[in-house]
């Protein structure tokens, strides 16, 4: 009982008789694949050799690479991965694969934006050892992941006779997770980071706080979490953060923290009601137009930039953040500053009465915080709203491109173009393509829009950013669409985002995987094949296998097809477009 | 970074008043909401550590009582919001006494599920009075939801009088496109029982795999399943059926035919038309597809051997599944498949029609189903399909129930006005898999320049069916009283092209809970107004309780909304 009923009928006035040809099936390049697909994978005579039970990896000692090697060694020795389709590859049983030797030319490079992640992995035919050559420890981790995906079966065997030469297309490949609307335990974050590393993603953008809760415990401002979190069992201690940061380092994943401000700060009011405008008000007064809302969604509160005390608290927060999180990027937030909130505050009303503007209020905030962020040796990342918002925005001149990175989420490629053409390095999180929470209805209560007579058009099903962003949509999106070469160079990469109004630990894995894997491949090696054609069709078969492998590693990724499709390659394709 | 961009705006001046917050009726709730819940002086008393349930002995009620007893004693449920109820520590509740007026009724369609639960103030004994063991299970579930905390306490001074609005309240799960181990099915059935649902419609087989092991036709699963580890043995089925009985859940099996039978061809290529062909030839029109989705194959009604196999299958299925309903499928018969078969081509050349071919099939199988003391359930296609359908006169409303999935309330009306008892599974409202894109590979429709209208995101039945949409749907919409009586109830459906055990719980719950309440006690409050606003708060708590019981239901709101009742409402419609 599932059909494809199309209102659009394709009138290919073909033959009135049927053509019963099975169209040529795009064969998967090889039965063993690596996700994301490497830039160059040469496998002249596909065969496999048994992995020795005493297989080892030799490598230079390094505080983060060494744990990574131990982890991969354990995984490779115990995985006994069972592919969905048994690879039909000759097994050379005469010898056993004993050693992978890792060579790193610069062991000192820290994990940071733009670090060299390239690697070359060589598993020669008929030998007992392979080599992994990398410029940095972080590239070595990428190569180890690739190696782990060449191993399968029980007893384990490894693909041989191959050379992989690989490096990323974009330097910034991330996932944003919101831990404020609903809380996630540290174990969930670690599982996420582990899976990110397996997908060669390298940035976890941690949207820690928002109006709904402030889970981060700060020594300098303990009241914020104590009063603003969901409770003592739903906080992140300094120790928790350290665990996340260290785990990230051992997986080659940077942790970029975001303490969103000056909007999205309702939770601060539990500790500091005096510095938060419009806190704890009803978000959208009955009968008021959308322009008069007090927040973009339920949960009001914006920091008040006109009160000196605001900066006492904010600076404590920013400073402690930079001690907790070593990454050189610091996300300063600044999305969705709405007029109604500040207008509801008497101090700001006064300022406006003296011919001040709301944009000036925001400029005061930025001028009081941006230099401070820079003084702590951080590059500030802001949501695009700070300069592109329709109403409240700063003059771009106060945010020099040299010290500022913009993150876009509205307007698809148009806003990306606006940002890079203004000279900003840009991270793409287009809501039209990269928002993983979209398409699941809406969370507001008592919404009469849901009660319509049958036959009404369901449109986006109540989700402002619906429909659901399928993995294919994500895969096919070109984040540098419409840009010239100079502009395209300013696109650092992208981040898929999971906002948590309707997500929590129970759905984390399935909301993220494998859709984040789709972005991961597109940003690592692109979405085009050797002929320059989009390769999402070929990727379907490979992604099925990758989902299977992720599940075998404890990541509960969504299925993308019936198993039947995997077992019958090409038979679930369509050559007539289905909209 | 989450916003609402609206085009239709209400141009009114600012009104800064806090809207009336619709208070939850009481801090302790039962999902689905009972028909009548009288709690004059809300308070709670401790549950005695030696609390027991007295009940007559019954093969299925007794295990159920033992299960609830264990659950009640060990749960220590921690509500999202601590109920502000006076706690009287003097008198612990010692006993729940169950009285069943008739222990003999079997679990079947229309069985009396009513119960009256009384937890009097200031006593140590509560009573549950029911007509049947199955009603007792409903009452036990309600009682279990009155208990919370550590140490446990129970709401008291109340009377719950409850009975369902619709007799058929179910879930369809497709175990053919992807396989679900028995453990997943049992968890599903357990959660169904907690939601007072009563029918598990098991869509066991389809073109993709045939996981059911049949003694009389062992090759079907032997060759047509996804493998030996992805089969249901007779012992597995027995476990599911028994588990269902212990939870008051009927198991209605479906072996879809004559379409959706590609998997049969692995064992019997000779009886399956168009098997293993590419589903939609390149350049062909949609009308010329061979199947409604990848995975071709329809049983060939013109070959006698087909009936040898089919009758073995039907017969053994009725021995495995005791329920008096038998789902015979008959959805999505597509012309292209039968037209691709030589025998059928011959028949058509002799002025036969495809509808006649289907009639031959129905005439050869329906009487067999009826002879096995079963009521046959068919998908509506069997009489409503635009191209291939039978004359309704060969399917008597006496022996036939129809299940609708197309056309929303219009098709429901067509079926009941033709006299058929009808089960509603409208894909516009009740399909839980919709809105997650499409699963076909190599679909060029996905590669469009930015700015294109994403419409339904590639899902034929998109958008996603939110719990609110499901909650607000009236399955008897537009029917007169006589017609409405023929609507037996509804079933939400999870088709498994893009679902498997990793997402089972979150796809089904709490959206099936939304239907669970609507079909049990309706979607309106005492004033006759839709109550989904108020239901939001109760559903949050119910999601939390389901999760505490090991069912990984989706969250519907930030915890902040639960902690700040009413503050996440909207009084301006959000489209």
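Residue numbers (this note's numbering), protein chains in the order written: chain L, 1 to 579; chain B, 580 to 1154.
C-beta: ideal position from N, C-alpha, C; glycine also.
Since this is a predicted model, take the numbers as computed values, not measurements.
Residue-level contact to chain L via CB, residue i, 8 angstroms cutoff
i                      : result
residue 1153 (chain B) : yes
residue 1139 (chain B) : yes
residue 1015 (chain B) : yes
residue 1079 (chain B) : yes
residue 1131 (chain B) : yes
residue 1070 (chain B) : no
residue 916 (chain B)  : no
CB contact below 8 angstroms: residue i versus chain B
i                     : result
residue 440 (chain L) : yes
residue 287 (chain L) : yes
residue 284 (chain L) : yes
residue 128 (chain L) : no
residue 462 (chain L) : yes
residue 564 (chain L) : yes
residue 388 (chain L) : no
residue 261 (chain L) : no
residue 443 (chain L) : yes
residue 575 (chain L) : yes
residue 350 (chain L) : no
residue 549 (chain L) : no
residue 556 (chain L) : yes
residue 504 (chain L) : yes
Nearest-angstrom Cα separation, counted from residue j out to residue i
i                      : j                      : result
residue 129 (chain L)  : residue 144 (chain L)  : 14 angstroms
residue 557 (chain L)  : residue 1057 (chain B) : 42 angstroms
residue 340 (chain L)  : residue 836 (chain B)  : 60 angstroms
residue 173 (chain L)  : residue 82 (chain L)   : 29 angstroms
residue 95 (chain L)   : residue 49 (chain L)   : 7 angstroms
residue 205 (chain L)  : residue 39 (chain L)   : 26 angstroms
residue 821 (chain B)  : residue 518 (chain L)  : 43 angstroms
residue 948 (chain B)  : residue 507 (chain L)  : 42 angstroms
residue 380 (chain L)  : residue 374 (chain L)  : 7 angstroms
residue 1182 (chain B) : residue 696 (chain B)  : Residue 1182 (chain B) lies beyond the residue range present for chain B, which begins at 580 and ends at 1154; the question has no answer from this structure.
residue 221 (chain L)  : residue 228 (chain L)  : 11 angstroms
residue 1113 (chain B) : residue 1008 (chain B) : 20 angstroms
residue 198 (chain L)  : residue 148 (chain L)  : 9 angstroms
Cβ-Cβ distance between residue i and residue j below 8 angstroms
i                      : j                     : result
residue 393 (chain L)  : residue 362 (chain L) : yes
residue 806 (chain B)  : residue 789 (chain B) : no
residue 351 (chain L)  : residue 257 (chain L) : no
residue 1149 (chain B) : residue 444 (chain L) : yes
residue 1021 (chain B) : residue 573 (chain L) : yes
residue 737 (chain B)  : residue 616 (chain B) : yes
residue 265 (chain L)  : residue 301 (chain L) : yes
residue 979 (chain B)  : residue 999 (chain B) : yes
Outcome for residue i when other beta-carbon atoms lying within 10 angstroms are tallied against a minimum of 16
i                      : result
residue 591 (chain B)  : With a pLDDT of 31 at residue 591 (chain B), under the threshold of 50, the predicted position of this residue should be treated as unreliable, though the coordinate-derived value follows. Classification of residue 591 (chain B): exposed, given that the 10 Å Cβ count is below 16.
residue 1103 (chain B) : exposed
residue 74 (chain L)   : exposed
residue 58 (chain L)   : exposed
residue 721 (chain B)  : buried
residue 402 (chain L)  : exposed
residue 1124 (chain B) : buried
residue 681 (chain B)  : exposed
residue 649 (chain B)  : exposed
residue 21 (chain L)   : Since pLDDT at residue 21 (chain L) reaches only 35, below the 50 mark, its modelled position is unreliable, and no value is offered.
residue 1139 (chain B) : buried
residue 874 (chain B)  : buried
Give, in chain order, every residue of the segment 1040-1060 of chain B whose Cβ lies closer than 9 angstroms to some Cβ of chain L. If the cut-off is 9 angstroms between Cβ atoms, the segment 1040-1060 of chain B has 1040, 1041, 1042, 1043, 1044, 1045, 1046, 1047, 1048, 1050, 1051, 1052, 1053, 1056, 1057 near chain L.
Residues of the segment 770-803 of chain B whose Cβ lies closer than 7 angstroms to any Cβ of chain A, in chain order: In the structure shown, chain A cannot be found, because the protein chains are L and B.
Cβ-based contacts, 9 angstroms cut-off: residues of the segment 450-475 of chain L near chain B: Here the close residues are 450, 451, 452, 453, 454, 455, 458, 459, 460, 461, 462, 463, 464, 465, 466, 467, 468, 469, 470, 471, 472, 473, 475.
So if I threshold CB-CB distances at 8 angstroms, which residues from the segment 148-165 of chain L count as touching chain B? For chain B, none of the residues of the segment 148-165 of chain L brings a beta carbon within less than 8 angstroms of one of its beta carbons.
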